[in-house]
Amino acid sequence: MSTMTFGRAINAGLRKAMEDDPKVLLMGEDIGKLGGVFRITDGLQKDFGAHRVIDTPLAEAAIMGTAVGLAYRGFRPVCEIQFDGFIYPGFDQIVCQVAKLHYRTQGRVKMPITIRVPFGGGIGSPEHHSESPEAYFTHTSGLRVVAVSNPQDAYTMIRQAIACDDPVLYFEPKRRYHTKGEVEEGGALSLAPSMESARTVAAGTDVTLVTYGPLVSTALDAATAAADDGVSIEVIDLRSLAPVDYAVVEASVRRTGRLVITHEAAQSGGLGAEIAASITERCFNFLEAAPVRVTGFDIPYPASKLEKHHLPDLDRILDGVDRALGRPNSQSGLEG
Amino acid sequence: MSTMTFGRAINAGLRKAMEDDPKVLLMGEDIGKLGGVFRITDGLQKDFGAHRVIDTPLAEAAIMGTAVGLAYRGFRPVCEIQFDGFIYPGFDQIVCQVAKLHYRTQGRVKMPITIRVPFGGGIGSPEHHSESPEAYFTHTSGLRVVAVSNPQDAYTMIRQAIACDDPVLYFEPKRRYHTKGEVEEGGALSLAPSMESARTVAAGTDVTLVTYGPLVSTALDAATAAADDGVSIEVIDLRSLAPVDYAVVEASVRRTGRLVITHEAAQSGGLGAEIAASITERCFNFLEAAPVRVTGFDIPYPASKLEKHHLPDLDRILDGVDRALGRPNSQSGLEG
Amino acid sequence: MGHGEAGTAGQGQDMLQLITDKGVRVSHPELDPYIADVTDEELVKLYEDMVVVRRIDTEATALQRQGELALWPPLLGQEASQIGSARALRPDDFVFSSYRENGVAYCRGVDLTDLIRVWRGNASSGWDPYEINMATPQIIIGAQTLHATGYALGIQQDGADSAAVAYFGDGATSEGDVNEAMVFAASFQVPVIFFCQNNHWAISEPVGLQSHIPLAGRAAGFGIPSMRVDGNDVLAVLAATRWALERARSGGGPSFIEAVTYRMGPHTTADDPTRYRDANELEDWRAKDPIARVAALLEASGALTPAMEEQIAAAADGVAKDLRAGCLGLVDPEPEAVFAHVYATPNSWLERQQEHYSRYLAGFSADTTEGSN
Amino acid sequence: MGHGEAGTAGQGQDMLQLITDKGVRVSHPELDPYIADVTDEELVKLYEDMVVVRRIDTEATALQRQGELALWPPLLGQEASQIGSARALRPDDFVFSSYRENGVAYCRGVDLTDLIRVWRGNASSGWDPYEINMATPQIIIGAQTLHATGYALGIQQDGADSAAVAYFGDGATSEGDVNEAMVFAASFQVPVIFFCQNNHWAISEPVGLQSHIPLAGRAAGFGIPSMRVDGNDVLAVLAATRWALERARSGGGPSFIEAVTYRMGPHTTADDPTRYRDANELEDWRAKDPIARVAALLEASGALTPAMEEQIAAAADGVAKDLRAGCLGLVDPEPEAVFAHVYATPNSWLERQQEHYSRYLAGFSADTTEGSN
Ligand SMILES: Cc1ncc(C[n+]2csc(CCOP(=O)(O)OP(=O)(O)O)c2C)c(N)n1
Ligand SMILES: Cc1ncc(C[n+]2csc(CCOP(=O)(O)OP(=O)(O)O)c2C)c(N)n1
Ligand SMILES: [Mg+2]
Ligand SMILES: [Mg+2]
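Chains as they are written, first to last, in the working numbering: chain A, 1 to 336; chain B, 337 to 672; chain C, 673 to 1045; chain D, 1046 to 1418.
Encoded structure:
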């Protein structure tokens, strides 16, 4: 056990994966000497060499497409996309190749590619640096999508993502990179909780609050604040966004009868819609209110001086909880 | 009024838009002499010239990106994407530029770009030729998305899309291109129903069945078949997928208490999830059952000999209706 | 006006040739050394390959016309480009192609039925890429050039002396992917060959719409040496590919070959080229037929006799017959195939959908009052 | 080894120059005609521009260090590339740039406060593109080259004789978009100038990672003529841009200019270049400073006196003062701005969210027991 930052935990997980399997290699823009703009790959090129930590030319389609070719040859590439908003030039290769090749070839060609994406806002950056594009990928059959919320998961789940024979989008909440936590290093992956399991991070009885990535800690703060107010919130960290571990969410909602989902991405067509729909299908008779979504608005990510209005925060989450509870003190009224 | 095929109706609408506004121009692969692989632009290059009906080199990012530049200069480009599965190389320009420039420039630069996308399956084609990527765009703030289901709408809505000052994704159900219908040509757009309004295409009392594009006619067949069975289905053709005209769907569900949504796209994170979530929010107390989704599976589009299993058809839609009604004759059982 | 180390041989009119349209063997100082060892016997083998793949192509086209295939992308006219290049490869080289390289797949040793599986609609890919070291056809234009580049990076990392070959068309050169592939290949100096079949058309678009200058010229701008060869000349194509392979195997990095050829048929069986191209153009290219010229050369030297030609034609007919039999013998995939292999590891979302659908299908057999799917 | 009509002047070592590092005016037959009319007075103006934009850059960097700007991408070292090119343009030309072309924006007549709006986090774009005929900064690397190409197609359609100019970096040349832009520009022969500032670095990546050969060589492969000029030589840049503009205005089609310069500062104020580059390299480039060499030239001829220099420095300080005042005077955007202009026409989804949020905000003023947002 040691205390380390979120960013450092990913670094340690990458290092372990590279030590464990010589076929693992990292590729991306500025990940070598610089160690990435967030320093997540700091020191790895020095220790593993430029052939295993590859600074690529500036082209995301090519990063993804050459990763596909490397996977064809038995490598396990870990690609860094510098910021969420720069993944789109690689979208075609991700959607048409990375996601589909295993199916296309009836399982003959594996695509054990990990795509690391620092995502989300709250860091005061200009456009394209604060997006939450996860729903594009959770809707893409053939991909797995995870989002990590704490250093221990960051460490373990990057190892699991790399070890997984399927392609994995690994979303890193960039505004939490400096958060510290206890991390147990090493350990057999077979003993770790499955990358696809959701985790109840606070038990509660009145409302189920589902989230992932950067908002997990905000959700926990909300639960604490609500407790003072006599409301007991159960907080679930999804960890896996595709597939979602509905068993855990379902069991909780069957007890609480109320569901709030929060994410930074735009509301319409976001992951919250998928969760609301699926949980309604699974627990209709247990629901005492419609699932509530507390999300970013249907807008391009705004200028940084406006982001506080866009991003769900503690107050907006509590307002959502009030709505789910049908409480008159909801700031936004009860009309859904 | 004249009878014409779906494809011909789009052609006529494009022609009218080009006659009405000299700033309208068409661009895409093979749209000139060939008239497009589906012949939708047949004859237009001959009549309007190669400067207004432009065969572009083979590069979708460039088609979208040059359309952005043309829009900057006051043109209204109408871009043809040859098949749904070929839109992804243009995704970055669509998501980061087409969708965001109006917001980015605080309304100073308009992006009246229409992106025509033949979509959906059922034509026995190989991979990438039968996809339904609409949810990627309905989740993208700044875009409008429509899907047409009949020749009259095809004619009118292509004109509306082109006249709209916002970017519009215009989805054409390619397997219906040869369907015939009555089309009233000409006519002021101001008198036509808004491109954003949903339309009730069959009145009913027991279940609301929501769909769009290629499945509207399948849904109507299902309504007819169900009527024989004593079940009254109200069918709504969404027409606009972003934004969805929830007022119409909501009013219907308040009466029927039951909702089935069907589309060809994969279920998880599809538009059906958004509709189920939003209608549950709006009509929770009116719902007698959880909204049911009858959709393509979470798989890459399969080989053509398998597509009949993937695509929702009359039987699967009726099975969904049975589930919504809680009827024991549901083939798939009632467990949601 | 130099371009660093990277130059292009065969630019402009002077596309490199070893066998003229009329079947006369001409020499070329740059190419000759690469085919000095090719005997008449071996040339007859190349002739035979071309005859066979043309025959496969004709049969597949016929199968499509007869409704047995959903679609077929003919290679008619491109036999020399495909055979000349593919026959230069070793088994441990790896090919990434588009949909049109059925001649290449044949040389790689594809099972005939596997060749047809995709086009009959039975599966999204026909063969095991690792069995013949060739990826299954890529439909997204140009995407495979990046895969080849990545694979070549893997070869380099493994310290092997094999090569990756990317086949693509003239139209593909406009896609960002192809250009990015050249950037990466040049940056990492990986053993990849960019083999561009300029068949003059991208569906209805003439190559001049993609580029005003010869496509081989594109490579120099990325620092990649290139050759522009007569793509209807099987010997010239063989030589050029050997040149590129020699560079690849010896650590010389990427190369680019433009094989100038012609798509004599439609884009696919769904296409109608009379809508966009002049019949005279086709006639002009008929006179440059890749098979006829080798036949003329070999006949003139007596290396190919009428009896041999008959024998080869008969062998080709045999292949066609096997192809047809394999095609007609294909059994439709089972419904469960729709769910198989989306993931390599279990996926809860999909499992639920599959269970649901199985129950749904089972309902039909239990309850015969409803129509069957 | 020719490349059709398209050649590159100034390849390899012989990058075109008119003013040496030491401030000596040298002549060049290809460039001289384009600046024959430039008087000493005008050269002083160019000097002044460079001094001012450097001063703006220093002030903005200081404002960032003081917490008044969230970020700033310095242009230090690239003044000649930006001023020399931008001053060649007419008002009716249209510029599409990246984030680093603040010197270009200055020449286009941008309001100083507008220059800073994005970097303070107040808005996603600072100015009205139609007021100064320059698009607001593009962050997606290379995307703007396609916009310029499309705009130039519009110019061509309108029969105008203006030009579109795309500014981008050395790193950007690897992106598919930039290469596709060259394909389209060449195919349609539109009046666009690809102006590449090769400042030797793309964040931490040296230009050699993107290309082993000079970037100007890329253009020839697309059939686009190019020039490779000393980007720290304001006269050479001016001449090259005039050459390209002349081609554009006379229907000659696209041109490519590689301005070889150096990013003397960090990538942005968030970057730490000591992690990846050698201090000696920076020293070498200090000796090639774009402003110092013009000053030396003008001082030698007496066209620039110490008094004038002082005056110019004072003027630059005045600009910096205005910039600071404008920056500090910026008022924070209203919450409603978050919803404004997503669409040009009303949108029911967004209206609902906005109403909801307004009600939510209003709730705080009504009910002061909860914390404010
Ligand atoms: C990304 C993408 N865009 C468009 C298409 C549609 N399409 C299929 S083949 C083709 C033309 C390809 O031409 P070329 O590269 O010259 O290859 P050829 O067919 O001549 O062998 C086009 C546009 C596609 N398959 N992929
Ligand atoms: C598509 C995309 N990928 C990555 C980035 C991150 N990024 C911002 S600037 C930059 C380097 C650009 O280098 P260059 O083109 O040389 O321009 P310079 O910064 O030197 O002016 C990178 C990688 C981005 N903005 N957009
Ligand atoms: Mg072709
Ligand atoms: Mg640079």
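C-beta: ideal position from N, C-alpha, C; glycine also.
For the region 921-938 of chain C, the beta-carbon criterion of a distance under 9 Å to any beta-carbon of chain A is satisfied by none of its residues.
Sequence-distant Cβ neighbours of C/T785 in its own chain, meaning closer than 6 Å and more than five residues away, are G998. One Cα belongs to C/E731, the other to A/Q160, and the distance between them is close to 49 Å. Put simply, the CB of B/C432 is near chain D, with a gap under 9 Å to one of its CB atoms. Per DSSP, B/M493 has no beta-bridge partner at all.
A/V207 places its beta carbon less than 9 Å from that of A/R258.
Taking a beta-carbon distance threshold of 9 Å, A/S141 does not count as an interface residue toward chain D.
Bounds of the beta strand (DSSP E) holding A/M4 are S2 to T5. The region 97-113 of chain A and the region 794-802 of chain C touch, with no fewer than 3 CB-CB distances between them shorter than 8 Å. Residue-level contact by beta carbon holds for A/D298 and chain D, with a gap shorter than 9 Å.
Here B/D378 has N347, G371 and G372 as same chain residues with Cβ atoms under 8 Å from its own Cβ, once five neighbours each way along the sequence are excluded. Shown here for B/A625: same chain residues with a beta carbon closer than 7 Å to its own, the five before and five after excluded, namely R594, A660 and G662 in chain order. A distance below 7 Å between beta-carbons, with the five flanking residues on each side excluded, links B/L654 to the following residues of its chain, in chain order: A558, A561 and A562. Counting along the chain, B/L505 sits inside the beta strand (DSSP E) bounded by residues V504 to P509.
Under DSSP, D/M1179 shares a beta bridge with D/V1140. Judged by DSSP in its simplified three-state form, C/G923 adopts coil rather than helix or strand. Within chain A, the residues T56 and P57 have their CB atoms less than 9 Å from the CB of C/S859, given in chain order.
Residues E570 of the same chain have their beta carbon placed closer than 7 Å to that of B/A539, with the five preceding and five following residues left out of the count. Ranked by Cα distance from B/L556, the options B/T541, B/I572, B/G566 and B/S466 are led by B/I572. With distances taken between CA atoms, D/R1273 lies nearest to D/A1304 out of D/I1186, D/A1304, D/V1364 and D/N1244. Excluding the 5 residues flanking it on each side, D/P1119 has same chain C-beta neighbours closer than 6 Å at D1102, T1106 and G1310, in chain order.
If you check the CB distance, D/Q1399 and D/F1384 come in under 9 Å.
The criterion of a C-beta distance shorter than 9 Å is satisfied by D/P1236 and D/P1299. Excluding the 5 residues flanking it on each side, D/A1261 has same chain C-beta neighbours closer than 7 Å at T1053, G1055, Q1056, S1271, M1272, R1273, F1301 and E1303, in chain order. The shortest CA-to-CA distance from A/F119 to any of A/L143, A/E80 and A/S2 is the one to A/E80.
Residue range P978 to G1001 is occupied by the alpha helix (DSSP H) that includes C/E982.
In terms of Cβ geometry, A/A198 and A/V248 form a close pair [threshold 9 Å]. In this structure, D/D1215 has its CB closer than 8 Å to one or more heavy atoms of ligand 4. Collapsing the DSSP output to three states places C/W873 in a strand. One thing to note: B/A386 has its Cβ within 9 Å of the Cβ of B/G368. Nearest neighbour of A/P57 by Cα position, chosen from D/A1340, D/P1251, D/A1265 and D/K1366, turns out to be D/P1251. Between the alpha carbons of A/E250 and B/A578 lies a distance of about 29 Å. Under DSSP, the beta-bridge partners assigned to A/T200 are A/I236. With fewer than 16 other Cβ atoms from the protein chains shown falling within 10 Å of its own Cβ, B/N621 counts as exposed. Judged by pairs of C-beta atoms under 8 Å, the region 77-95 of chain A touches the region 418-428 of chain B, as three or more such pairs exist. At least one heavy atom of ligand 1 falls within 8 Å of the beta-carbon of B/E365.
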